[in-house]
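Q: Residue numbers (full-length UniProt numbering): 1 to 475.
Listed below in structure tokens is the structure:
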């Protein structure tokens, strides 16, 4: 036996050097732990999805259980058992209600069709007054006149600050009114505001810009203030708010349609009318147009086009409408600001422009007024409530009539009716048990399984199976 003492001994330093040093960094998560976490997350997602599906199923089942009755017609045989003419009167009332519903629906569809269809466009004249005042001008300081105050405007101050050009500023104000106000339904004049006709206003060579925030803006005047002590020329651009977006036409399209601008629908209808008037529709298929020389040039040399392609082909001939441009000279001199009473010149005499703007569709406002009327909404709620009560009453009458017929048949032939009723109930029970035989078999209900065997071993079942087998082709 070899003595362990005779074996060469390693120094402690050597032994420590051969020992594996553990990793001092962040311990890594085992791979199987990541797999378990992913599986757990997937299981939770599946469980949540199953819970949502179960909630949806329960909601649908509850909705079916609590659905309101919809049948409002009384059975015809009630007229023989009810005293008086109540059933006939109710039938006539139901017929009149159906006719009234048909007329109301037709009128409603006509109104919606009129709102969605292009109405005859008409324009109004919007008169715009542009004027300006000045403050802090050199001649005002010399005369001790401070002007119109601090010069703060609707659109904010300019980048020059309040002390630019020794505090000299000018303020431009623009107001607008319709020359002929639109009458309302009751004869009163409806006041349309400046913001209803334009979507934006921009002043060239300046940082002034206004945009409409919403359709409910009721702005009748726009003002802006900027530093300056010299007369200057500005250009104000107004972008018209048009419900049906209009375009400028190319020279080729304008020559064919005999107009310079219109919307997309008007351009397509114009091409159709041109093709019908020139008898360019194909004889075999009216959806195709045989192009003449102007149409061929308009459609890039095509000799035959289908009408559904016309809107796409016309897209290249549309140009955006330019904004309305108003020239205005800002004057800060004394003659303009103070005017001349002797000559009859008012202070800050405005510059006046008449601009043609599209007027809103009057039918839309009338329909909206009727549709949002409080009395109309209350009447609809009352009608719906009475209609639901009527459906419940008809349902109760139908159930009472079923009970009446049951007891009437029982009184006429008690024995025969009882046999027929028991046979019908037994047939229904057999059908129910036949549909649920697998559930019954799993619970160990042998009586149910016996009933199922009686059903499937009946004479009718055997005849049906034999007929099915006789019709099968022989291989």
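Glycine residues also receive a C-beta, built at the ideal position from the N, C-alpha and C atoms.
1. When the Cβ atoms of the stretch 282-299 are set against those of the stretch 248-255, are three or more pairs found closer than 8 angstroms?
2. DSSP state of residue 144, grouped into three classes?
3. Residue 257: buried (16+ other C-beta within 10 angstroms of its C-beta) or exposed?
4. Go ahead and pull the three-state DSSP assignment for residue 466.
5. Just to check my reading of the structure: residue 337 and residue 175 have Cβ atoms closer than 8 angstroms, yes? What is that Cβ distance to the nearest angstrom?
6. Buried or exposed for residue 246, please, with buried defined as at least 16 other CB atoms from any protein chain shown within 10 angstroms of its CB.
7. Roughly how far, in whole angstroms, is the beta-carbon of residue 234 from the beta-carbon of residue 213, given that I think they are within contact range, below 8 angstroms?
8. Reducing DSSP to helix, strand and coil, say where residue 400 ends up.
9. Measuring only the C-alpha atoms, how far is residue 271 from residue 311?
10. I need the straight-line Cα distance from residue 359 to residue 209, nearest angstrom please.
11. For residue 307, which residues in the same chain have their Cβ closer than 6 angstroms to its Cβ, ignoring the five residues on either side in sequence?
12. Compare the Cα-Cα distances from residue 330 to each of 79, 42, 231 and report the closest residue.
13. When burial is assigned at 16 or more other CB atoms within 10 Å of the CB, is residue 328 buried or exposed?
14. My output table needs one value for residue 85: the three-state DSSP class, helix, strand or coil.
15. Between residue 228 and residue 169, how many whole angstroms is the CB-CB distance? I'm expecting something under 8 angstroms.
16. Which stretch, first to last residue, makes up the alpha helix (DSSP H) that contains residue 214?
17. Could you spell out the range, first to last residue, of the beta strand (DSSP E) harbouring residue 351?
18. Tell me whether residue 415 is buried or exposed, calling it buried when 16 or more other Cβ atoms sit within 10 Å of its Cβ.
19. Hey, quick one: how far does the beta strand (DSSP E) through residue 296 stretch, first residue to last?
20. Express the C-alpha separation of residue 104 and residue 375 in angstroms, rounding to a whole number.
A: The relevant details are as follows:
1. yes
2. What you label residue 144 is simply residue 144 of the chain shown in a count that begins at 1. In the structure shown, residue 144 sits in coil (DSSP, three-state: anything other than H, G, I, E or B).
3. Numbered from 1 along the chain shown, position 257 holds the residue referred to as residue 257. Buried is the call here.
4. Looking up residue 466 in the chain shown gives position 466. Reduced to three states, the DSSP call for residue 466 is helix.
5. Your numbering for residue 337 matches position 337 in the chain shown. Your numbering for residue 175 matches position 175 in the chain shown. The Cβ separation is near 18 angstroms, so there is no contact.
6. Residue 246 sits at position 246 when you count from the first residue of the chain shown. So residue 246 ends up on the buried side.
7. The residue labelled residue 234 in the question sits at position 234 within the chain shown. The residue labelled residue 213 in the question sits at position 213 within the chain shown. Contact doesn't hold; Cβ gap of about 24 angstroms is too wide.
8. As a first step, residue 400 is located in the chain shown; it is residue number 400 there, counting from the start. Three-state DSSP puts residue 400 in a helix.
9. Along the chain shown, one-based indexing puts residue 271 at 271. Along the chain shown, one-based indexing puts residue 311 at 311. Rounded to whole angstroms, residue 271 to residue 311 spans 10 angstroms at the Cα level.
10. One-based indexing of the chain shown puts residue 359 at position 359. One-based indexing of the chain shown puts residue 209 at position 209. Distance between the alpha carbons of residue 359 and residue 209: 24 angstroms.
11. Within the chain shown, residue 307 is the residue found at index 307, counting from 1. Result list for residue 307: 287, in chain order.
12. Along the chain shown, one-based indexing puts residue 330 at 330. Measuring from the Cα of residue 330, the nearest candidate turns out to be 231.
13. Along the chain shown, one-based indexing puts residue 328 at 328. Buried.
14. For the purposes of this step, residue 85 is taken as the residue at position 85 of the chain shown. Here residue 85 sits in coil by DSSP.
15. Your numbering for residue 228 matches position 228 in the chain shown. Your numbering for residue 169 matches position 169 in the chain shown. Between residue 169 and residue 228 the Cβ distance is about 7 angstroms, and since that is below 8 angstroms, they are a contact.
16. Residue numbering aside, residue 214 sits at position 214 when the chain shown is read from its first letter. Here residue 214 belongs to no alpha helix (DSSP H), and DSSP marks it neither H nor E.
17. Stepping through the chain shown from its first residue, residue 351 is reached at position 351. Here the beta strand (DSSP E) through residue 351 covers 351-358.
18. To locate residue 415, count along the chain shown from 1; it is residue 415. Its Cβ having fewer than 16 others within 10 Å, residue 415 is exposed.
19. Residue mapping note: residue 296 aligns to position 296 of the chain shown, counting from 1. From DSSP, residue 296 is part of no beta strand (DSSP E) but of the alpha helix (DSSP H) over 293-298.
20. As a working note, residue 375 is residue 375 in the chain shown. As a working note, residue 104 is residue 104 in the chain shown. Straight-line Cα distance between these residues: approximately 18 angstroms.
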